[in-house]
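Residue numbers (full-length UniProt numbering): 1 to 92.
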């Protein structure tokens, strides 16, 4: 994550074991979702760089992620063409 006023590295978001293919900023710009071909979405705190929550849908292959307006829920797109809706605490 880079600081807007200068080009410098602020955090390395480590945790995914496979490449990340999708990133989504929260509506309030305080959190970031990342997902890829491993079947998890990670929610990151922008200020600290810490992973706040992991959302997992085993066996289905997550292909995208995003936020509902207001940032109180998120969604994940799945390979079987379904969409899962999650509370921020990880409840599906």
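Think of the CB as a built atom: it goes at the ideal place given N, C-alpha and C, for glycine as much as any other residue.
Kindly list the residues whose CB is nearer than 7 angstroms to the CB of residue i, restricted to its own chain and excluding five residues on each side of it in sequence; keep chain order.
i, result
"residue 87", "73"
Kindly indicate which three-state DSSP category residue i falls into: helix, strand or coil?
i, result
"residue 74", "strand"
"residue 7", "coil"
"residue 12", "coil"
Between the alpha carbons of residue i and residue j, how many angstroms are there, rounded?
i, j, result
"residue 20", "residue 69", "23 angstroms"
"residue 90", "residue 25", "17 angstroms"
"residue 65", "residue 7", "27 angstroms"
Go through its chain and collect everything with a Cβ distance to residue i's Cβ below 8 angstroms, but skip five positions before and after it.
i, result
"residue 47", "30"
Spatial neighbours of residue i within its chain, please: CB distance less than 6 angstroms, with the 5 preceding and 5 following residues excluded, ordered by chain position.
i, result
"residue 40", "54 and 56"
"residue 28", "71"
Around the Cβ of residue i, are there at least 16 other Cβ atoms within 10 angstroms (buried) or fewer (exposed)?
i, result
"residue 42", "buried"
Can the beta-carbon of residue i be found less than 9 angstroms from the beta-carbon of residue j?
i, j, result
"residue 63", "residue 22", "yes"
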